[in-house]
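In my numbering, the protein residues as written are 22 to 87.
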């Protein structure tokens, strides 16, 4: 299992905190629920594009840190 990056950890926490199923989040974001499952279990990371979709679905803002 890989050590998650800070953005991965924050996004995974937001997914868990949302109380929504991976299926529901996937439907809102246009991402396969299995992809979310693999991300949450740290089997795979997510691309910036997928992270952006998940952020929109969860009502989060993805922005660079200065």
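The beta-carbon is built from N, C-alpha and C at its ideal position, and this holds for glycine as well.
- Between the beta-carbon of residue 78 and that of residue 50 there is about 4 Å, and that keeps the pair under the 8 Å contact cut.
- Around the beta-carbon of residue 86, fewer than 16 other beta-carbon atoms lie within 10 Å, marking it exposed.
- Sorting 37, 29, 54 by C-alpha distance to the C-alpha of residue 44 places 54 at the top.
- Ranked by Cα distance from residue 75, the first of 66, 61, 63, 46 is 46.
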